[in-house]
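Comments concern the structure below.
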Amino acid sequence: MSYAYDDQNIFAKILRGEIPCNKVLETEHALAFHDIQPQAPVHVLVIPKGPYVNADHFGEAASEVEQAGFCRALAKVAREVGIAESVGGGGYRVIANSGPEGRQEVAHYHVHIAGGEKLGRMLPKREG
Ligand code: 5GP
């Protein structure tokens with residue numbers, strides 16, 4: 000297994016404070032901020048602070064503390080922006096695009112949290 004992390008990616012720059020972001024939440028292990036091109040009324044990105052390329056890399060190499068911290072942050076974001084059912088929201092979707100066929104554009108692991116309205120199908124229906 001090999002993973003090449005490029006620390007010039009845009010989310011690494013956001014983590015270093017070189018590029019601004021509209022922050023939702025920051026913890027020891029994660030940073031959450033609004034997506035610059037929202038695809039839903041609420042569209043937040045959650046990224047781990049460690050240098051992980053994608054879901055595969057994060058799942059393989061991040062410590063259990065980092066992974067647990069990331070999961071906790073993700074759930075907290077959805078509550079803080081009001082879309083979690085536990086705080087009266089209507090629910091949401093979590094997406095992690097990974098690699099070229101997953102259409103990942105930024106090579107720092109991230110999950111999208113999208114909600115605020117009834118979302119369309121997750122994937123287009125396949126023919127046949
Ligand atoms: P991906 O396709 O890699 O899963 O998603 C990358 C996401 O990052 C896209 O939804 C895109 O709009 C968002 N994005 C790209 N550059 C920036 C940026 O500089 N700031 C913020 N907040 N989001 C960005």
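Reminder that position 27 of the sequence shown reads as 26 in numbering that gives the first Met the number 0, one-by-one numbering, no gaps. Beta carbons: idealized from backbone N, C-alpha and C, even for Gly.
Neighbourhood of residue i by C-beta, 6 Å cutoff - its chain only, sequence neighbours within 5 removed
i: PHE10; result: ILE46, VAL105 and HIS107
i: ILE18; result: LYS12
i: GLY88; result: GLY81 and ILE82
i: ALA95; result: ALA54 and VAL110
CA nearest to the CA of residue i, picked from the options
i: HIS56; options: GLU116, VAL43 and TYR4; result: TYR4
i: GLY98; options: HIS111, ILE112 and ALA54; result: ALA54
i: LEU118; options: GLN103, ARG102, GLU126 and VAL41; result: VAL41
i: ARG15; options: GLN38, GLU100 and PRO50; result: PRO50
i: ARG120; options: GLN7, TYR91 and ASN21; result: TYR91
i: GLU25; options: TYR2, VAL93, ALA74 and GLN103; result: ALA74
Close-in-space but distant-in-sequence residues of the same chain around residue i (CB under 7 Å, 5 per side omitted)
i: MET0; result: GLU59
i: ALA29; result: VAL45, ILE46, PRO47, LYS48, GLY68, PHE69 and ALA72
i: VAL23; result: ALA31, PHE32, HIS33, VAL43, VAL76, GLU79 and VAL80
i: VAL86; result: ARG78
Cβ neighbour criterion (16 or more within 10 Å) applied to residue i
i: LEU122; result: exposed
i: ILE112; result: buried
i: VAL52; result: buried
i: GLY114; result: buried
Terminal residues of the beta strand (DSSP E) in which residue i lies
i: GLY114; result: 110-114
i: LYS22; result: 22-25
i: HIS33; result: 29-33
Cβ-based neighbour list, residue i, same chain, cut-off 8 Å, excluding 5 preceding and 5 following
i: GLU27; result: LYS48 and GLY68
Distance cut-off 6 Å: residue i Cβ against heavy atoms of ligand 2
i: ASP34; result: No copy of ligand 2 occurs in the structure displayed; its ligands are ligand 1 alone.
Terminal residues of the alpha helix (DSSP H) in which residue i lies
i: HIS107; result: Segment: none, HIS107 is in no alpha helix (DSSP H) and carries neither H nor E.
i: LEU73; result: 63-79
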